[in-house]
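See structure below.
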């Protein structure tokens with residue numbers, strides 16, 4: 007593993023922002039498995055933050071730190087206002103989304119379509135940097151549609167760094183805005199990790215984090231020979247038990263808990279508190295589906311939650327009963 011600066015070490019490992027997935031309940035759950043990994047909110051538009059219910063949209067549990075707010079938007083003044091609001095709420099970082107390929111995002115002039123407007127992205131970063139004292143970062147693709155990734159990524163990266171961006175997170179795929187659905191854009195465009203490695207080589211002083219198709223901590227460690235940080239997306243969400251390896255494997259520190267059953271025992275007080283405040287059990291347990299992948303009883307655990315967690319008035323006993331169906335041992339090792 008290459009030597010990391012203090013700043014790049016802060017970005018060594020993170021869980022990707024994912025729409026409809028990385029809500030506050032998910033982030034509290036993930037935090038119980040890694041003390042050091044950086045967590046991200048779902049993307050929130052500047053309009054929603056400026057005009058919406060800020061406490062509902064931006065509220066988070068203090069255990070989540072370090073946690074970043076991901077913004078969607080393109081108007082520099084609005085980005086600055088939303089970033090300032092995020093800083094006031096206590097977020098540790100503001101991240102600008104220049105990678106989401108959905109039609110809704112494209113129509114709103116934010117997300118991956120901004121790869122075609124690097125000067126506007128740089129203006130937005132500069133405005134946010136003037137507005138806040140916390141880190142401002144950019145998450146992008148290597149290019150969109152017919153762009154040449156060698157040129158497009160370099161132009162965007164150098165522009166936002168000149169504007170003051172503290173780090174770049176690069177999803178190592180193009181986004182095809184014409185012809186592919188958002189789901190297809192997560193898998194069909196080929197991964198080009200070497201392009202991200204070359205970006206890092208060209209910007210030795212800038213923290214560069216790689217994202218896209220990384221399925222395990224073992225694979226993440228190999229990427230760290232070339233870049234400053236790794237961001238896991240679906241693997242972290244669909245198989246959350248992998249996060250128990252983050253602190254020992256990447257930071258040289260003990261995992262917060264030895265097993266997933268220990269994690270759930272630590273999660274129960276939060277769940278009880280949320281239920282008392284009116285939250286539905288399923289809004290939390292939906293994030294637990296892959297928690298026991300590879301352990302006898304995992305299927306029964308999932309079935310019990312699916313059948314009982316959505317019932318009106320479902321309480322903490324539903325989760326306790328589901329956990330009791332799982333054997334007391336770790337998941338089977340899975341090939342990297």
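In this note's numbering, the protein residues as written are 7 to 342.
For glycine and all other residues, C-beta sits at the position ideal for the given N, C-alpha and C.
Answer with buried or exposed for residue i, where buried requires no fewer than 16 other C-beta atoms within 10 angstroms of its C-beta.
{"i": "residue 349", "result": "Given a span of 7 to 342 for the chain in the structure shown, any question on residue 349 remains unanswerable."}
{"i": "residue 6", "result": "With the chain represented from 7 up to 342, any question about residue 6 goes unanswered, as that position is not in the structure."}
{"i": "residue 184", "result": "exposed"}
{"i": "residue 37", "result": "buried"}
{"i": "residue 279", "result": "exposed"}
{"i": "residue 150", "result": "buried"}
{"i": "residue 168", "result": "exposed"}
Could you tell me which residues DSSP pairs with residue i in its beta bridges?
{"i": "residue 217", "result": "177 and 237"}
{"i": "residue 276", "result": "Residue 276 is not bridged to any residue."}
{"i": "residue 78", "result": "51"}
{"i": "residue 212", "result": "For residue 212, which the question treats as bridged, DSSP gives no partner whatsoever."}
{"i": "residue 147", "result": "177"}
{"i": "residue 99", "result": "74 and 141"}
{"i": "residue 199", "result": "Paired residue(s): none; residue 199 is not in a bridge."}
{"i": "residue 45", "result": "73"}
{"i": "residue 2", "result": "Residue 2 is absent from the structure shown; the chain starts at 7 and stops at 342."}
Leaving out the 5 sequence neighbours to the left and right, which residues in its chain are closer than 8 Å to residue i when beta-carbon positions are compared?
{"i": "residue 91", "result": "55, 56, 60 and 64"}
{"i": "residue 27", "result": "48, 243 and 293"}
{"i": "residue 7", "result": "In this predicted model, residue 7 has a pLDDT of only 45, less than 50, meaning its place in the structure is not dependable; the value taken from the coordinates is given anyway. So the list reads 227, 230 and 231, once near-sequence residues are dropped."}
{"i": "residue 148", "result": "155, 158, 159, 176, 177, 178, 179, 180, 198, 201 and 202"}
{"i": "residue 123", "result": "80"}
{"i": "residue 195", "result": "179, 180, 181, 182 and 186"}
{"i": "residue 320", "result": "286, 287, 288 and 314"}
With a threshold of 9 Å between beta carbons, is residue i in contact with chain C?
{"i": "residue 297", "result": "Here there is only one protein chain, and chain C is not present."}
Just confirm the distance between the C-beta atoms of residue i and residue j, as a whole number of angstroms; I'd bet it's less than 8 Å.
{"i": "residue 85", "j": "residue 50", "result": "That pair is no contact at about 12 Å."}
{"i": "residue 43", "j": "residue 20", "result": "6 Å"}
{"i": "residue 218", "j": "residue 249", "result": "Going by Cβ atoms, the distance from residue 218 to residue 249 rounds to 18 Å, so no, they are not a contact pair."}
{"i": "residue 270", "j": "residue 329", "result": "6 Å"}
{"i": "residue 24", "j": "residue 239", "result": "6 Å"}
Taking 7 Å as the limit between beta carbons, can you name the residues of its chain near residue i, skipping five residues before and five after?
{"i": "residue 71", "result": "98"}
{"i": "residue 203", "result": "232 and 233"}
{"i": "residue 80", "result": "115, 116, 120, 126 and 130"}
Cutting at 6 Å between CB atoms, please list the residues of its own chain near residue i, excluding the five before and the five after it.
{"i": "residue 129", "result": "82"}
{"i": "residue 245", "result": "296 and 299"}
{"i": "residue 108", "result": "188"}
Report yes if the C-beta of residue i is less than 8 Å from at least one heavy atom of the ligand PLP; otherwise report no.
{"i": "residue 210", "result": "You won't find the ligand PLP in this model; it holds no ligand whatsoever."}
* To do: Assess, as a yes-or-no matter, whether the segment 274-286 is touched by the segment 295-305 under the definition of 3 or more beta carbon pairs within less than 8 Å.
  => Taking 8 Å as the limit for Cβ pairs, the verdict is that the segment 274-286 does not touch the segment 295-305.
* Asked: Is there contact between the segment 130-143 and the segment 177-184, where contact requires at least three CB pairs shorter than 8 Å?
  -> Segments in contact, no.
* Counting pairs of beta carbons, one from the segment 254-269 and one from the segment 311-326, are three or more of them closer than 8 Å? -> They do not touch, by the three-pair rule.
* To do: Flag this pair as touching only if the segment 196-212 and the segment 162-174 have three or more C-beta atom pairs under 8 Å; answer yes or no.
  => Judged by Cβ distances under 8 Å, the segment 196-212 makes contact with the segment 162-174, as three or more pairs qualify.
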